[in-house]
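In this note's numbering, the protein residues as written are 1 to 758.
We put the CB at the ideal spot given by N, CA and C, even for glycine.
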């Protein structure tokens with residue numbers, strides 16, 4: 001239906017009808033209007049499966065829902081490092097949603113993993129905005145290819161569960177742009193979702209569902225979003241404030257109180273009817289977009305969906321350790337399997353995304369068919385049971401222990417208290433390690449865990465919450481029917497005290513302070529040279545890969561250009577396998593904190609033994625830019641950058657230098673109070689400063705004597721020294737320098753022609 005037709009339709013509605021359309025009808029439906037032919041459409045959770053409730057409804061997964069496929073959760077899917085895999089899952093999920101008459105799926109959930117303690121991390125993709133955003137794009141495009149809308153959530157800066165309804169996320173502008181907005185930017189500009197869900201929390205003092213800066217100025221004005229926005233369930237504070245800011249739909253409904261408040265504000269002149277019309281047109285546009293693509297005859301099979309889940313889970317598991325090549329297992333080995341997760345795996349998290357699965361398959365379904373494989377439950381603290389387990393473990397060739405974090409510890413509404421596995425699980429691992437060296441750990445969890453037992457085991461297979469068929473995928477991987485190819489989408493720290501958010505996370509305060517700034521996840525660990533258990537991007541395979549022939553099609557460029565990066569990857573092992581190629585960019589900007597390196601591109605390829613492939617990336621301005629808070633735009637600092645190819649954020653294999661020139665003529669207006677480092681970030685200003693003060697920092701007199709003056713600063717020390725010192729402080733280091741001379745230097749810098757001052 002065209003925009004003009006929708007406008008004509010809204011012109012036939014009463015004011016009361018218009019207002020009611022800005023509030024849901026029931027828990028899962030939007031308003032319909034039979035006399036105008038507007039259908040009543042349904043939306044439903046969630047990010048990794050359909051939680052369709054036809055009777056008693058709730059937003060925490062407490063009441064009964066229809067049977068559906070439970071796909072791998074975001075934590076698992078992200079480790080696939082493959083937007084095409086995400087799209088494949090979205091397409092299968094979309095067919096199921098279309099068959100069930102769902103107009104919009106409330107997902108993907110794509111908040112940044114700021115801390116591993118966030119109880120809802122199992123739904124989220126990554127600590128990195130590029131990876132998070134690109135995976136969301138794949139999911140959105142997959143869903144919407146089936147005529148079902150996607151709804152990325154939770155917009156914005158919703159990174160903890162505790163006090164999520166009232167907390168105030170205090171985030172500086174640069175951090176917001178580079179980390180917490182960037183993933184949504186990719187999702188919106190490339191994925192083009194039909195809807196966006198606002199979060200409960202406040203952002204810098206304003207409720208996210210009433211924040212015009214993000215809902216209108218950025219989301220629509222900058223990114224071109226053309227769908228409708230909806231509140232999270234119960235996130236509405238004031239419907240009028242929300243509508244004015246760009247929040248179109250309050251969920252759930254019905255709420256006569258909200259409709260009444262909207263009508264009262266219009267009557268009082270506080271809310272214009274045109275604002276209601278605007279929201280209504282956006283909502284109707286998506287309703288009819290869905291209706292026109294409705295396919296009631298779509299074919300969908302639960303068994304097919306179960307096998308799709310198995311395939312995806314195989315691609316997402318991460319082999320974290322494989323000492324002595326203990327994996328894969330062999331059919332002639334005597335294997336002892338320990339742990340109830342082998343029979344009843346933990347495959348999803350708790351809360352609004354909780355699915356009633358078609359069927360749940362444990363690894364034991366496959367493993368029990370093998371010869372010489374036995375199973376034992378956990379001892380549950382009973383000494384006699386433990387003695388039986390250790391006796392059996394001593395006789396086995398290898399022991400596979402299935403472990404994980406309980407669902408109660410990883411659920412919507414609560415945050416984790418520890419990174420450790422339950423104490424009884426850790427104790428069991430250490431007890432068996434006393435009599436058996438060949439221990440393999442299978443992990444079921446939704447976020448990073450600490451591993452104080454890592455040196456006591458030979459292999460660790462991280463399967464995350466891999467959906468209802470995760471057990472089948474796990475058995476495939478353990479026995480080499482599939483080759484592990486997942487990579488960590490989050491850093492596994494050694495301990496919670498090492499995380500950048502540790503001092504500020506989960507405190508008794510309404511204000512949630514994002515003081516770590518842009519140093520989130522690996523950006524922090526790599527910059528601060530902090531050791532970790534397993535780095536971002538890490539993962540092993542049953543085969544080996546080598547990298548060679550890294551080339552750039554230019555070694556210098558303007559920021560209006562792009563550079564093509566090529567690298568050759570070869571499978572040098574004996575197994576077919578998939579490799580994730582990770583491209584990072586490293587560069588310094590005077591006076592600006594830049595992470596040691598940042599992921600700027602990635603790809604996943606399949607290689608047969610001995611096969612080589614050339615992988616090509618193209619990097620434009622954004623790959624080298626940071627958010628400039630003076631100009632409020634992406635800005636490149638002229639200088640040298642390293643283009644790095646890595647096996648992880650900590651393992652750089654190849655790198656090449658490129659010189660990038662900024663074409664921006666914008667400069668701030670400087671004063672004697674400006675830190676030197678800020679001025680040194682602009683080449684013309686830096687040249688003037690260095691020329692005027694080279695004597696002060698160890699130059700002319702020493703050179704005239706033909707020797708270096710004792711105590712003179714080296715260039716590196718000078719650069720570090722000047723970063724934070726304002727120009728006026730130089731008077732303290734040179735008794736002959738006068739303020740008038742400093743002012744003259746500033747005037748000279750500010751007088752450089754061609755600059756646009758802010």
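Taking 7 Å as the line, does the beta carbon of residue i fall inside it for any heavy atom of the ligand GTP?
{"i": "residue 120", "result": "No copy of the ligand GTP appears in this structure; indeed no ligand is present at all."}
How close, in whole Å, do the beta carbons of residue i and residue j come, if the pair is a contact with beta carbons under 8 Å?
{"i": "residue 570", "j": "residue 545", "result": "7 Å"}
{"i": "residue 661", "j": "residue 682", "result": "With a Cβ gap of about 12 Å, residue 661 and residue 682 do not count as contacting."}
{"i": "residue 335", "j": "residue 434", "result": "19 Å between Cβ atoms; not a contact."}
{"i": "residue 320", "j": "residue 276", "result": "Incorrect: roughly 53 Å between the Cβ atoms, too far for contact."}
{"i": "residue 577", "j": "residue 445", "result": "No, residue 577 and residue 445 are not in contact; Cβ-Cβ is about 24 Å, not under 8 Å."}
{"i": "residue 404", "j": "residue 443", "result": "6 Å"}
{"i": "residue 431", "j": "residue 386", "result": "7 Å"}
{"i": "residue 309", "j": "residue 69", "result": "6 Å"}
{"i": "residue 338", "j": "residue 376", "result": "5 Å"}
{"i": "residue 777", "j": "residue 286", "result": "As displayed, the chain neither begins before 1 nor continues past 758, which places residue 777 out of reach and without an answer."}
Tell whether a beta-carbon distance below 8 Å holds between residue i and residue j.
{"i": "residue 585", "j": "residue 598", "result": "yes"}
{"i": "residue 175", "j": "residue 198", "result": "no"}
{"i": "residue 532", "j": "residue 179", "result": "no"}
{"i": "residue 348", "j": "residue 478", "result": "no"}
{"i": "residue 639", "j": "residue 127", "result": "no"}
{"i": "residue 411", "j": "residue 350", "result": "yes"}
{"i": "residue 39", "j": "residue 212", "result": "no"}
{"i": "residue 235", "j": "residue 200", "result": "yes"}
{"i": "residue 30", "j": "residue 97", "result": "no"}
{"i": "residue 621", "j": "residue 559", "result": "yes"}
{"i": "residue 589", "j": "residue 637", "result": "yes"}
{"i": "residue 203", "j": "residue 156", "result": "yes"}
{"i": "residue 582", "j": "residue 539", "result": "no"}
{"i": "residue 312", "j": "residue 47", "result": "no"}
In the structure shown, what three-state DSSP assignment does residue i receive?
{"i": "residue 324", "result": "helix"}
{"i": "residue 726", "result": "strand"}
{"i": "residue 78", "result": "helix"}
{"i": "residue 17", "result": "helix"}
{"i": "residue 680", "result": "helix"}
{"i": "residue 35", "result": "helix"}
{"i": "residue 555", "result": "coil"}
{"i": "residue 706", "result": "Interpretation of residue 706 is limited by its pLDDT of 42, a score under 50 that renders its predicted location unreliable; the figure taken from the coordinates is listed afterwards. Coil."}
{"i": "residue 598", "result": "strand"}
{"i": "residue 532", "result": "coil"}
{"i": "residue 346", "result": "coil"}
{"i": "residue 85", "result": "helix"}
{"i": "residue 356", "result": "strand"}
{"i": "residue 114", "result": "coil"}
{"i": "residue 574", "result": "coil"}
{"i": "residue 579", "result": "strand"}
{"i": "residue 628", "result": "strand"}
Quick one: residues in its chain with C-beta nearer than 8 Å to the C-beta of residue i, no 5 flanking neighbours on either side, listed in chain order?
{"i": "residue 263", "result": "15, 16, 19"}
{"i": "residue 764", "result": "Because the chain in this structure spans residues 1 to 758, residue 764 falls outside the shown range and cannot be described."}
{"i": "residue 150", "result": "90, 104, 105, 107, 108, 139, 140, 143, 144, 191, 193, 194, 195"}
{"i": "residue 362", "result": "341, 342, 343, 344, 345, 471"}
{"i": "residue 272", "result": "266"}
Within a Cβ cutoff of 6 Å, which residues of the same chain sit near residue i, ignoring the five residues on either side of it in sequence?
{"i": "residue 684", "result": "752"}
{"i": "residue 9", "result": "36"}
{"i": "residue 705", "result": "At residue 705 the pLDDT is 43, less than 50, meaning the model places this residue with poor confidence; the figure from the coordinates comes in the next sentence. Around residue 705: no qualifying Cβ."}
{"i": "residue 216", "result": "246"}
{"i": "residue 255", "result": "23"}
{"i": "residue 1", "result": "288"}
{"i": "residue 171", "result": "157, 514"}
{"i": "residue 745", "result": "692"}
Who are the near neighbours of residue i in its chain, counting only those whose CB is closer than 7 Å to its CB and skipping five residues on each side?
{"i": "residue 673", "result": "726, 728"}
{"i": "residue 225", "result": "188, 196, 219"}
{"i": "residue 207", "result": "237"}
{"i": "residue 135", "result": "77, 78, 83, 86, 125"}
{"i": "residue 390", "result": "431, 432, 435"}
{"i": "residue 498", "result": "530"}
With a threshold of 8 Å, are at least 3 pairs of Cβ atoms found where one atom belongs to the stretch 453-466 and the other to the stretch 287-299? no
Would you be able to state if there are at least three C-beta pairs under 8 Å between the stretch 406-416 and the stretch 159-170? yes
Using 8 Å as the Cβ pair cut-off and three pairs as the minimum, do the stretch 363-376 and the stretch 482-492 touch? no
The stretch 489-502 contacting the stretch 556-574, beta-carbon criterion three pairs below 8 Å: no
If you pair each beta-carbon of the stretch 499-507 with each one of the stretch 545-557, do three or more pairs fall below 8 Å? no
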